[in-house]
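Those protein sequence lines, which keep their order, are chains A, B and C. So for the first sequence, my numbering puts the first residue at 0; every next one is plus one. So for the second sequence, my numbering puts the first residue at 111; every next one is plus one. So for the third sequence, my numbering puts the first residue at 414; every next one is plus one.
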Amino acid sequence: MDTTSTVERVSATGIISDTIRTNFLNADYGIKSWLLTKDHKRIAILYLISITVFFMIGGAFAAMIRMELITPEADVFTSEAYNKVFTTHGIMMVFFFLIPSIPATLGNFLVPVMVGARDLAFPRINLLSWYIYVIGGLFTLTALVLGGVDTGWTFYTPYSSTYSNGYVMLTGIGIFITGFSSILTGLNFIVTVHKMRAPGLGWFRLPLFVWANYAASLIMVLGTPVVAIGIVMIALERGLGLGIFDPRLGGDPVLFQHIFWFYSHPAVYIMILPGMGVVSEIMACFSRRHIFGYKFIAFSSLGIAIIGFLVWGHHMFVSGQSSYAGIVFSLFTFIVAVPSAIKVFNWTATMHKGRIVYSTPMMYALGFIGLFLVGGLTGLFCASLGVDIHIHDTYFIVAHFHYVMVGGSVMAYLGGIHFWWPKMTGRMYPEGWGRFSALLVFVGFNLTFFPQFIAGYLGMPRRYHVYPPEFQIYNVLSSGGALVLGIGFTIPLIYLFWSLKYGEKAGPNPWRAAGLEWETTSPPPTFNFDYQPVVDHEPYNYSEIDARSSATVSTHSVQEEQHV
Amino acid sequence: MWNFPLLPDQASTFAGRVDGLYFFLVALTAFFTVMISLMVAFMAIRYRETNTKVNRDNPLPENPTMEAVWIGVPLVIVLVIFFWGVNIYFAIARPPANAVDMYVTGKQWMWKIQHPTGQREINEMHVAVGQPVRLTMISQDVIHSFYVPAFRVKQDVLPGRYSQLWFEPTKPGIYHLFCAEFCGTKHSGMIGRVVVMEPADYERWLAGGSSNGGSLGQTMADAGAQIFETQGCITCHKMDDASRAPILKGLYGKSVTLNGGETVTADEQYIRESILRSGAKIVAGYGPIMPVYQNRISEDELMQLVSYIKSLGGPATGTPAATPSAAPASEAKGTPAAAKPAQNVNEPSRNK
Amino acid sequence: MSDAAHNSLVAHQFDDARQQQEAATVGMWTFLITEIMFFGGLILAYMIYRNQFAESFHAASRVLDVWVGCFNTCVLLVSSLTMALGVRAAQMGDRKKLVLFIIVTMIFGAAFLGVKAYEYSEKFEHHLVPGPTFHFHGVPGHEHAPNAEIFFSLYFAMTGVHALHMIVGLGLMTWLLRKSIKGAFNKDYYNPVEICGLYWHFVDIVWIFLYPLLYLIDRS
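Now the structure itself:
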């Protein structure tokens with residue numbers, strides 16, 4: 000009966016009949032119809048597939064790292080190979096999985112639907128961004144096949160510009176190209192949100208997922224070009240002998256770090272903000288309540304995006320930058336922690352007196368809160384100057400950013416994929432397996448990364464191929480956890496694939512969720528709606544939805560009797 | 111393997127302070143994580159969908175006061191941590207006046223340490239309990255990072271620029287020295303030991319000079335003086351005649367007026383730059399006549415030169431720690447000046 | 414979707430021509446902000462090094478031919494004028510003038526690149542291209558520039574990236590030319606001309622910043 004309202008409304012306008020519908024998946028067939036599509040939903044699926052491929056590559060390299068680190072000695076790889084392995088893991092995960100993950104798949108699919116538009120503002124540019132992404136990825140993979148690159152994903156000069164023997168230039172070009180895919184996605188979102196909202200959909204009726212993606216888009220548009228030019232300068236230095244960061248000419252290698260982190264720290268917010276958006280949607284839906292503190296959550300996203308541009312120097316407390324710069328960056332870093340805290344408190348308050356449904360997406364969202372708490376709070380260690388001097392470049396940092404990026408972004412990403420899977424594919428995933436794997440991911444994750452905090456404070460530096468034996472126990476635990484985590488990630492891959500054919504058919508709104516995307520059919524038609532959606536209510540009106548659905552049960556039967 | 115160490119040794123004056131803030135943060139993290147997780151778990155169970163008995167009337171209304179509280183409280187907490195952290199940071203950033211100088215050169219993949227008294231070590235550094243040490247560090251190639259977990263100190267070692275670090279060991283022992291900034295293939299092999307000794311043992315070690323690579327030929331300043339002669343610096347930089355070049359006596363730490371009218375402090379960085387790229391900052395009244403020494407002099411030699419110029423004294427107060435006047439120094443005078451210290455033992459394999 | 418305003422010139426995702434035009438304009442402005450950040454990275458590097466090596470930068474800058482740069486500045490400014498006139502012609506629906514102005518703009522753009530190529534080749538001859546062969550002589554009275562190589566690295570990076578934008582601009586112009594010859598633009602549909610114009614002016618403005626930064630420092 001949860002679908003009744005939608006169907007009633009739709010048929011009242013008399014547009015559709017009950018015949019077999021065409022949706023964006025069966026509107027057209029053949030490989031060409033996919034590779035040349037301008038439909039944002041198909042492009043989202045293309046992104047989903049390619050991102051999953053890169054995630055698996057990155058994951059395989061993570062497995063190699065964990066395998067090597069089980070013992071303190073070099074067992075599996077030479078040092079040279081190990082350095083290439085962790086570099087590949089970082090580059091794949093950061094540039095080809097985390098940054099595009101939620102915006103390019105879920106965002107691409109949902110932002111136009113959520114604002115009630117037929118497509119993004121520039122569908123051709125959207126397709127172009129996917130091609131750019133794939134071409135950039137192929138460049139990077141080519142560099143790997145040819146022999147790899149060993150600079151770490153941070154490309155610090157002068158190692159990257161002068162000393163490394165790897166394929167730095169080719170990789171750099173790959174990342175440079177991919178950057179444009181991210182810029183174009185961000186640009187598309189910004190224009191779409193500004194110009195293409197449905198009638199009645201004011202800024203404060205937008206779903207928080209849209210707010211979060213909008214904030215992330217600002218960072219993509221403002222930050223990505225800066226790292227792009229930094230990488231161009233490295234490429235020019237390596238390829239043409241220009242010397243912008245070369246200390247032998249008087250150049251300053253630390254300048255590159257500034258340029259790099261000016262983007263790469265906000266990039267962390269590109270990864271986490273959309274994840275926070277996903278969690279806001281899930282928390283409201285499965286607490287059956289209006290999200291608590293809507294405006295505070297919305298503005299905290301913008302706050303994070305803006306303050307996030309003023310904190311990059313906290314990656315450089317021991318780099319030799321001025322101590323006063325260090326103090327300013329430390330202060331801003333502490334301040335940027337506050338908007339994140341606002342979100343966590345509001346999510347918690349949303350649950351109060353709700354009707355909590357233990358669905359898979361909710362499990363991921365609750366897991367997200369727990370892990371993000373640890374990730375965020377350990378960020379305070381890294382932000383405080385005195386402690387950071389000790390933990391900088393150790394496994395403490397590794398653990399911290401994995402808690403944020405994997406415990407935060409990836410948990411939210413998986414939660415979002417499960418939440419909108421019925422919308423995207425029209426099929427339900429198996430709920431039991433879903434919950435089981437969510438639990439497995441949570442346990443495996445903690446087992447993998449919690450020991451790294453301790454190893455880090457003990458002094459184990461990151462990017463170490465061989466290490467002193469007293470760190471071994473924590474590495475063994477970590478590698479064991481990685482195995483569990485790997486299984487936890489593999490199970491959804493299998494059952495989601497399985498559900499495409501065998502999953503139970505999902506109605507337009509299996510979760511009885513609020514939001515325009517649930518008013519259209521699952522999967523949506525090519526132009527998303529068969530009518531022009533008009534928004535006449537506040538977002539997250541779960542109390543109304545629940546009241547209406549319990550009311551329709553009774554009124555419906557009454558009406559039917561009268562008809563008879 | 112089956113023990114679970116939680117903290118590295120506390121072997122410097124910083125260790126206790128850093129750990130104090132660390133424990134505070136651990137407690138804070140534990141408190142908030144547990145508190146919020148418990149709240150979430152409590153509500154997830156109490157307000158589960160199947161629990162129809164619970165009273166769901168009057169859920170929390172939107173409440174600006176509440177929002178203000180949970181914006182304000184975290185803000186206050188983080189500001190407290192901020193000031194606490196800055197306080198420690200200042201201590202780490204400012205070496206005391208009585209610190210002895212030591213010189214560190216990083217290169218792929220080893221640490222080279224020079225004592226002002228002339229001892230040279232590789233991947234090993236001997237220091238005395240209770241004696242603050244100030245390191246002047248530079249890299250010959252890529253960025254490295256000098257990290258001693260037991261001291262809770264770390265500082266990137268940059269090519270082309272001196273960086274400094276100081277610590278005061280408090281506990282005898284042997285501690286890890288790591289390179290913390292990824293520096294290439296054998297990054298994880300760029301490790302060494304810091305040996306902290308009782309002062310008496312340390313004196314004995316200095317006098318014995320038997321350690322790894324240590325040659326008690328000359329003090330660093332003497333070696334620098336020798337380079338000063340052999341490179342011909344002395345022909346222009348005379349001790350009493352400033353007609354061709356500035357007098358270097360008393361230069362260190364002084365404020366110098368340049369041709370452009372600006373002033374700089376004559377610190378190690380300035381001296382180094384002026385030797386390598388003499389034209390970059392020329393003292394007012396002089397022309398760009400000094401040859402460029404870039405690629406003609408190694409980082410180790412440069413450090414000896416810098417040490418020599420420092421030994422010529424500073425402005426009014428002088429530099430207490432700059433001139434090593436320890437006993438071994440005079441002892442070293444005994445060896446003939448011709449005996450060049452083994453300064454080219456580990457020349458960079460990569461001459462770019 | 415069966416909006417009255419929906420004609421072949423309005424893409425399916427837009428409600429009407431106005432929304433389409435606004436979206437395209439907002440999109441281009443957003444893109445230009447991206448571009449500002451892009452050049453911003455280079456200009457930041459420039460500012461830091463110029464501050465650090467003021468003397469070298471002054472001396473090195475004197476090697477550049479101020480008049481050639483001035484000529485190029487004029488060329489670009491005029492091309493911006495003809496571009497603006499082209500947009501005007503498109504708004505008026507004057508196809509002939511539009512084609513004419515686009516061609517003139519392209520000629521000026523190509524002239525700029527030609528002069529730039531000449532300047533580059535001169536730098537090659539005088540060993541002013543950073544790398545192992547770099548050798549700085551300077552001009553009389555200003556031979557002393559220990560960090561000149563950094564200046565020239567930045568010179569090539571900045572003007573090179575700018576030239577790349579000019580080439581992209583010429584590509585856009587070629588596309589516009591083809592479409593306008595076909596008569597694709599009229600009073601109601603001239604947005605692409607306007608947007609490409611925005612881009613062209615932006616590239617022009619970047620040069621207006623690069624010219625004084627590179628050529629005109631310390632010319633008293």
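Just so it is clear, CB atoms sit at the ideal spot from N, CA and C, and this is done for glycine as well.
Residue environment, residue i, which counts as buried when at least 16 other CB atoms sit within 10 Å
i: B:Arg406; result: exposed
i: C:Ile520; result: exposed
i: B:Ala178; result: exposed
i: B:Thr433; result: Here the model assigns B:Thr433 a pLDDT of 38, short of 50, so the residue's position is not dependable, and the following value carries that caveat. With 16 or more other Cβ atoms within 10 Å, it is buried.
i: A:Lys40; result: buried
i: C:His575; result: buried
i: A:Ser542; result: exposed
i: A:Gly201; result: exposed
Reference residue i; option with closest CA among the options
i: B:Gly270; options: B:Val136, B:Lys217 and B:Arg354; result: B:Lys217
i: A:Glu518; options: A:Val93, A:Ala116 and A:Thr77; result: A:Ala116
i: A:Lys422; options: A:Val335, A:Thr70, A:Ile486 and A:Phe108; result: A:Phe108
i: A:Ile90; options: A:Phe435, A:Phe54, A:Leu119 and A:Gly369; result: A:Phe54
i: B:Ala140; options: A:Pro522, A:Leu492, A:Leu372 and A:Tyr463; result: A:Leu372
i: B:Glu409; options: B:Glu383, B:Arg244, B:Thr345 and B:Gly389; result: B:Glu383
Delimiting residues of the beta strand (DSSP E) encompassing residue i
i: B:Leu287; result: Gly283 to Cys289
i: A:Asp74; result: Neither: A:Asp74 is in no beta strand (DSSP E) and is coded neither H nor E.
i: B:Glu231; result: Arg230 to Ile232
i: B:Thr246; result: Val243 to Ser249
Beta carbon proximity, residue i to chain B, threshold 8 Å
i: A:Val588; result: The structure shown does not extend to residue 588 of chain A, since chain A spans only 0 to 563, so no value can be given for it.
i: A:His257; result: no
Under 8 Å between C-beta atoms of residue i and residue j
i: B:Val306; j: B:Ala125; result: no
i: A:Ser49; j: A:Tyr130; result: no
i: A:Thr332; j: A:Ala411; result: no
i: C:Ala472; j: C:His539; result: no
i: B:Val188; j: A:Val337; result: yes
i: C:Ser593; j: C:Leu511; result: yes
i: B:Pro470; j: B:Pro242; result: Outside the modelled stretch of chain B, which goes from 111 to 462, sits residue 470 of chain B, for which no answer is possible.
i: A:Pro524; j: A:Phe23; result: yes
i: A:Gly353; j: A:Arg287; result: yes
i: B:Gln404; j: B:Leu386; result: yes
i: A:Gly106; j: A:Leu207; result: no
i: B:Ala376; j: B:Lys364; result: yes
i: B:His254; j: A:Gly458; result: no
i: A:Asp38; j: A:Asp118; result: yes
Cβ of residue i within 8 Å of any chain C Cβ
i: A:Arg117; result: yes
i: B:Pro206; result: no
i: A:Phe470; result: no
Closer than 7 Å: residue i CB and nearest the ligand GDP heavy atom
i: A:Ser521; result: In the structure on display, the ligand GDP does not appear, and there are no ligands present to speak of.
Residue interval of the alpha helix (DSSP H) (run including residue i)
i: A:Ile571; result: There is no way to answer for residue 571 of chain A, as the model of chain A reaches only from 0 to 563.
i: A:Ile493; result: Gln471 to Tyr501
i: A:Phe175; result: Val167 to Lys194
i: A:Phe528; result: Note, A:Phe528: premise wrong, no alpha helix (DSSP H); not H, not E.
i: A:Val564; result: With chain A covering 0 to 563 only, the question about residue 564 of chain A has no answer from this structure.
i: A:Met92; result: Counting along the chain, A:Met92 falls outside any alpha helix (DSSP H), and DSSP gives it neither H nor E.
i: A:Ile50; result: His39 to Glu67
Beta carbon proximity, residue i to chain A, threshold 8 Å
i: C:Leu455; result: yes
i: C:Tyr628; result: no
i: C:Ala570; result: yes
i: C:Met460; result: no
Any C-beta of chain D under 8 Å from that of residue i
i: A:Ala120; result: Protein chains A, B and C are contained in the structure displayed, whereas chain D is not.
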